[in-house]
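Trainee: For this note's numbering, add 803 to where a residue sits in the sequence shown, where the first one is 1. Built from N, CA and C at the ideal position, the CB exists for glycine as well. Following this message is one structure expressed as structure tokens.
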Amino acid sequence: MKNKFFYSHLIEITDISLKLKDVNLSDDEKAHLTSLIEANIHSIVIDTVLSELSSDDKKTFLKNLVSDNHEKTLEHLNSRIGKLEDKIKKSVEDLKSDLVKDILDTKKLS
804 MKNKFFYSHL
814 IEITDISLKL
824 KDVNLSDDEK
834 AHLTSLIEAN
844 IHSIVIDTVL
854 SELSSDDKKT
864 FLKNLVSDNH
874 EKTLEHLNSR
884 IGKLEDKIKK
894 SVEDLKSDLV
904 KDILDTKKLS
């Protein structure tokens with residue numbers, strides 16, 4: 804992913820990017836679609852994390868997130884959420900699976 808987030812080391816979208824190369828879209832459309840995919844991944848990660856935190860921990864998390872302090876964000880989350888990385892990976896893999904399926908369905912229609 805282009806931007807550095809506290810979870811960037813866990814996420815890989817190369818497989819989706821490779822599938823997009825085979826779809827009949829312009830380079831600009833592919834770039835836009837990639838940015839939408841990254842935004843969806845960001846949303847699913849934030850949702851996954853927030854669903855695991857108490858109200859007070861959510862406030863701390865959001866303060867850390869806004870400050871771009873990735874180390875502090877991860878430290879806080881790991882102290883509050885068991886198997887954090889596994890939960891993030893699972894959520895993102897489920898999303899990616901749906902996205903790849905959609906891309907393949909689109910390819911069939913082209």
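Any idea what DSSP makes of valine 826, helix, strand or coil?
Mentor: Here valine 826 sits in coil by DSSP.
Trainee: Please report the Cβ distance between arginine 883 and aspartate 850, rounded to the nearest whole angstrom; I am assuming they are in contact, meaning their Cβ atoms lie under 8 Å.
Mentor: At roughly 16 Å, the Cβ-Cβ gap does not stay under 8 Å, so arginine 883 and aspartate 850 are not in contact.
Trainee: Report yes if the CB atom of leucine 823 is closer than 8 Å to the CB atom of leucine 836, and no otherwise.
Mentor: Contact: yes.
Trainee: Cβ atoms of isoleucine 847 and valine 895: under 8 Å apart, would you say?
Mentor: In contact: valine 895 and isoleucine 847 (Cβ atoms closer than 8 Å).
Trainee: Taking only beta-carbon atoms, is aspartate 908 less than 8 Å away from chain C?
Mentor: Checking the listed chains, one finds no chain C in this structure; it contains a single protein chain.
Trainee: For the putative contact between isoleucine 840 and isoleucine 814, defined by C-beta atoms under 8 Å, what is the C-beta separation to the nearest angstrom?
Mentor: Wrong, their Cβ atoms sit about 11 Å apart, outside the cutoff.
Trainee: Do you know how far the Cα of valine 869 is from the Cα of lysine 875?
Mentor: Spanning the two alpha carbons is a distance of roughly 11 Å.
Trainee: Whose CA, out of Leu912, Glu888, Lys807, lies closest to the CA of glutamate 855?
Mentor: When only C-alpha atoms are compared, the closest one is Glu888.
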